[in-house]
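First to last, the protein sequences are chains A and B. Heads up, the first sequence is in my numbering, so the first residue is 1 and it goes up one at a time. Heads up, the second sequence is in my numbering, so the first residue is 313 and it goes up one at a time. Quick reminder that beta carbons are idealized off the backbone N, C-alpha and C, glycines included. These figures come from a predicted structure and were not determined experimentally. Have a look at the structure below before the remarks.
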Amino acid sequence: MTATTTAPRAATPVRTEGRPNARLRAWATRAPLLPALAFMITVTQLPFVATLVISFFDWNSLYPDARSFAGLANYGEVLTDPDLRRSVWTTVLLTVAVVLASLVLGLLLALLLDRRFRGRGLVRTLLIAPFLVVPVAAALLWKHVLYNPEYGLFNGLLHYVGGPQPDWISETPLLAVEASLVWQWTPFMMLILLAGLQSRDHQQIEAARVDGASDWQIFRHLTLPHLRRYLELGALLGSIYIVQNFDAVFTITSGGLGTANLPYTVYQTFYQAHENGLASAAGVLVVIGSIIIATFALRVVSSLFREEAGRS
Amino acid sequence: MNVLRRKAPGLLAWFAGVVFFLPIAWMALTSFHSESDAATNPPSFAAALTLDGYREFFGVDGGASPWPALINSTVASLASTLLVLLLAFPAAYALSIRPVRKWTDVLFFFLSTKMLPVVAGLLPIYLFARNAGLLDNIWLLVVLYTSMNLPIAVWMMQSFLAEVPVAVIEAAQLDGARLPTVLARVVAPIAAPGIAATALICFIFSWNELLFARVLTGVVAETAPVFLTGFITSQGLFLAKVCAASLVISLPVLAAGFAAQDKLVQGLSLGAVK
């Protein structure tokens with residue numbers, strides 16, 4: 001892609017009769033942007049401010065009259081409550097494990113797909129398919145059709161080789177959730193890394209090959225450094241989506257067996273336990289975690305963005 | 313030896329593709345088996361095929377019909393996608409063709425809202441909906457899905473509109489065409505493939521969404537993913553029905569995803585990767 005993909009042109013002067021004053025013109029330029037901006041601020045920023053306010057109150061919606069200002073008490077409770085602390089830890093484990101595993105698998109698949117072979121388009125389509133199953137449907141598929149200890153496909157296949165017949169979800173609940181997510185997210189990583197591989201400088205690689213560099217040397221010293229930012233981008237975007245994961249946890253284990261992550265816990269705290277203040281405090285903590293990831297993510301996106309814009 | 317070395321990556325890629333696709337293929341096969349054939353160990357690969365799973369899912373012989381949920385999902389996804397395009401298209405214009413000052417800052421503001429987790433605003437939105445009588449109302453989901461997808465759409469469309477040749481736009485303006493006309497008649501047709509890809513990706517995200525729908529809808533505005541959560545607890549022999557349901561509800565997403573395959577990365581990476 002050339003620079004024109006992202007670099008906007010300098011504003012072209014508009015021909016009008018007489019000269020409208022500059023301020024009016026500036027507003028005319030801004031006008032098309034305003035509806036979208038106003039919409040986003042209303043629907044995403046206001047609720048968050050409300051969450052922040054509610055997080056300072058002791059408020060159970062079953063006892064609406066007993067609402068009182070609680071200061072930082074909710075945060076204290078979230079951070080000391082063993083269940084909630086456990087869910088923070090679960091969130092970290094789940095996110096790190098899924099992102100790393102799908103990134104490594106995605107890289108291997110992208111390297112394979114970067115070569116020419118018969119049926120490459122079809123294989124690519126087969127590999128993307130898991131990402132295009134509705135997340136709840138994918139979770140149901142893993143829970144009932146693959147993991148079921150009596151008639152699931154995994155134990156069915158193990159049966160052929162005389163293997164054991166484990167109860168996957170009860171024995172390794174977190175791993176069971178993670179495996180289903182890795183299956184769905186590997187294609188995502190593969191697509192990003194494949195785009196990265198295809199934007200390599202092929203002349204440089206040819207030159208290295210002519211100079212007698214081995215495949216491994218080319219991968220280690222040319223491909224990997226080039227892919228670094230794509231790996232970072234995949235990891236960060238994956239983290240943003242998986243930190244928020246609700247569907248898989250809700251469907252496969254219903255948050256049981258130590259798999260409740262923060263989004264599930266927040267959902268449960270206010271939807272089932274009606275503890276509004278506590279749920280809000282937990283929500284704010286999720287946001288703080290996300291902001292930390294997002295700061296890095298924005299930096300990576302922004303550097304790729306500038307690189308694209310400056311490549312002219 | 314050389315042949316093997318040359319063919320190995322292709323074979324390995326094929327093997328990986330088949331392994332990743334296997335669960336979906338198995339789901340499709342199971343959906344056409346009878347319930348008793350679906351629940352055998354070892355699995356029955358060659359059992360007789362039947363449409364009973366689909367009959368069960370669609371409630372042909374009684375039971376809950378999935379149609380209201382499917383229609384709700386269709387309305388929510390299509391309406392929010394349309395609203396997203398209506399808001400994102402002019403915004404993308406003001407960020408690419410006639411950029412406002414500090415346009416990159418605005419672009420990054422949109423991106424940052426995407427990084428705010430859904431749970432952060434869920435409770436106030438729920439309380440607001442309850443007080444305003446909007447619980448179990450599909451149009452509330454339309455608004456929320458629009459906010460969920462607008463940043464992605466703005467980013468994608470910004471990069472697509474920047475590809476429209478500036479000379480074409482200037483020529484139209486010299487002919488005296490006004491901004492809405494220029495957008496509709498000149499810019500939109502040229503950027504059409506990009507806009508279509510944007511629409512497909514927004515459609516997918518809206519169709520898949522569970523958390524908002526689960527919390528904010530009940531019997532009337534229930535969406536397809538919420539309908540699927542009815543299968544979380546086992547109900548005796550129901551594998552063929554689960555597979556049929558999962559497959560039917562995933563079909564629109566599979567179709568949209570394959571249609572947008574080439575632009576999928578760009579959308580999912582918020583325009584950062586082309």
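Just to confirm the assignment, what range does the alpha helix (DSSP H) spanning residue i have?
{"i": "A567(B)", "result": "L551 to A571"}
{"i": "T352(B)", "result": "No alpha helix (DSSP H) contains T352(B), which DSSP labels as neither H nor E."}
{"i": "I516(B)", "result": "A504 to N520"}
{"i": "K143(A)", "result": "Note, K143(A): premise wrong, no alpha helix (DSSP H); not H, not E."}
{"i": "G238(A)", "result": "L224 to V243"}
{"i": "K426(B)", "result": "W415 to K426"}
{"i": "V78(A)", "result": "A73 to T80"}
{"i": "L453(B)", "result": "I450 to L473"}
{"i": "G156(A)", "result": "L153 to Y160"}
{"i": "N443(B)", "result": "V431 to N443"}
{"i": "T125(A)", "result": "R120 to I128"}
{"i": "W27(A)", "result": "A22 to R30"}
{"i": "E482(B)", "result": "V478 to L486"}
{"i": "V53(A)", "result": "L46 to I54"}
{"i": "P537(B)", "result": "A536 to L540"}
Would you tell me roughly how many angstroms separate the C-alpha atoms of residue i and residue j, rounded to the nearest one?
{"i": "R413(B)", "j": "L399(B)", "result": "19 Å"}
{"i": "V145(A)", "j": "P130(A)", "result": "15 Å"}
{"i": "L580(B)", "j": "I464(B)", "result": "8 Å"}
{"i": "V538(B)", "j": "Y271(A)", "result": "15 Å"}
{"i": "R229(A)", "j": "K426(B)", "result": "20 Å"}
{"i": "A140(A)", "j": "T541(B)", "result": "Reading the sequence as shown, one finds Leu at residue 140(A) and not Ala. If you take the alpha carbons of L140(A) and T541(B), they lie about 8 Å apart."}
{"i": "F370(B)", "j": "A28(A)", "result": "52 Å"}
{"i": "A313(A)", "j": "L100(A)", "result": "This structure cannot settle anything about residue 313(A), because the visible part of chain A is limited to 1 through 312."}
{"i": "V284(A)", "j": "L434(B)", "result": "11 Å"}
{"i": "T362(B)", "j": "L549(B)", "result": "15 Å"}
{"i": "A279(A)", "j": "I516(B)", "result": "29 Å"}
{"i": "V418(B)", "j": "L522(B)", "result": "29 Å"}
{"i": "G632(B)", "j": "T95(A)", "result": "Since the first residue shown for chain B is 313 and the last is 586, residue 632(B) is missing from the structure and cannot be characterised."}
{"i": "S102(A)", "j": "P225(A)", "result": "19 Å"}
{"i": "W183(A)", "j": "K319(B)", "result": "26 Å"}
{"i": "S546(B)", "j": "N155(A)", "result": "18 Å"}
{"i": "V531(B)", "j": "Y457(B)", "result": "19 Å"}
{"i": "P429(B)", "j": "S377(B)", "result": "33 Å"}
{"i": "S180(A)", "j": "A22(A)", "result": "57 Å"}
{"i": "N353(B)", "j": "E347(B)", "result": "13 Å"}
{"i": "A474(B)", "j": "S408(B)", "result": "5 Å"}
{"i": "I242(A)", "j": "G106(A)", "result": "16 Å"}
By the 10 Å Cβ neighbour count, where 16 or more other Cβ atoms means buried, how is residue i classified, buried or exposed?
{"i": "W185(A)", "result": "buried"}
{"i": "A444(B)", "result": "exposed"}
{"i": "K553(B)", "result": "buried"}
{"i": "K143(A)", "result": "buried"}
{"i": "Y147(A)", "result": "buried"}
{"i": "N520(B)", "result": "buried"}
{"i": "I292(A)", "result": "exposed"}
{"i": "Y75(A)", "result": "buried"}
{"i": "R85(A)", "result": "exposed"}
{"i": "D247(A)", "result": "buried"}
{"i": "Q578(B)", "result": "buried"}
{"i": "G119(A)", "result": "exposed"}
{"i": "W379(B)", "result": "exposed"}
{"i": "L193(A)", "result": "buried"}
{"i": "L316(B)", "result": "exposed"}
Does residue i get closer than 9 Å to chain D when you measure Cβ to Cβ?
{"i": "H144(A)", "result": "No chain D is part of this structure, whose protein chains are labelled A and B."}
Margin query: Threshold first: 3 residues or longer. Then list the beta strand (DSSP E) segments lying entirely within the region 169 to 221 of chain A, N to C.
Written below: DSSP runs (the beta strand (DSSP E)) wholly in the region 169 to 221 of chain A: none.
Checklist line | the region 382 to 396 of chain B touching the region 479 to 488 of chain B, judged by at least three CB pairs closer than 8 Å | finding: By the Cβ criterion, the region 382 to 396 of chain B is not in contact with the region 479 to 488 of chain B, since fewer than three pairs of Cβ atoms, one from each stretch, lie closer than 8 Å.
Notebook entry, point to check: Counting Cβ pairs closer than 8 Å, one from the region 170 to 180 of chain A and one from the region 252 to 261 of chain A, do we hit at least three?
Noted result: Touching, yes, given that three or more Cβ pairs across the two stretches are closer than 8 Å.
Next item on the list: Note down, one range per segment and in chain order, each alpha helix (DSSP H) of at least 4 residues found wholly within the region 325 to 409 of chain B.
Entry: If only complete runs of 4 or more residues are kept, the region 325 to 409 of chain B shows the alpha helix (DSSP H) at 347 to 350, 364 to 369 and 379 to 408, in order along the chain.
Notebook entry, point to check: Taking one C-beta from the region 445 to 453 of chain B and one from the region 282 to 301 of chain A each time, how about it: are there three or more such pairs within less than 8 Å?
Noted result: Between the region 445 to 453 of chain B and the region 282 to 301 of chain A there are fewer than three C-beta pairs closer than 8 Å, too few to call the two in contact.
Note to self: If contact is defined by three or more beta carbon pairs under 8 Å, each pair taking one atom from either stretch, is the region 152 to 164 of chain A in contact with the region 123 to 138 of chain A?
What the structure shows: Contact check between the region 123 to 138 of chain A and the region 152 to 164 of chain A: fewer than three CB pairs, one atom from each, fall below 8 Å, which does not count as touching.
Checklist line | the region 335 to 347 of chain B touching the region 106 to 125 of chain A, judged by at least three CB pairs closer than 8 Å | finding: Touching, no.
Next item on the list: Mind listing, in chain order, the continuous alpha helix (DSSP H) runs of no fewer than 4 residues lying wholly within the region 262 to 292 of chain A?
Entry: Positions of the alpha helix (DSSP H) runs, each at least 4 residues long and wholly inside the region 262 to 292 of chain A, are given as 262 to 271 in order along the chain.
Note to self: Taking contact to mean 3 or more Cβ pairs, one atom from each stretch, closer than 8 Å, check whether the region 30 to 40 of chain A and the region 455 to 470 of chain B are in contact.
What the structure shows: Two segments are said to touch when three or more pairs of C-beta atoms, one from each, lie closer than 8 Å; by this definition the region 30 to 40 of chain A touches the region 455 to 470 of chain B.
Notebook entry, point to check: Any contact of the region 390 to 409 of chain B with the region 493 to 500 of chain B, i.e. 3+ C-beta pairs under 8 Å?
Noted result: They touch, by the three-pair rule.
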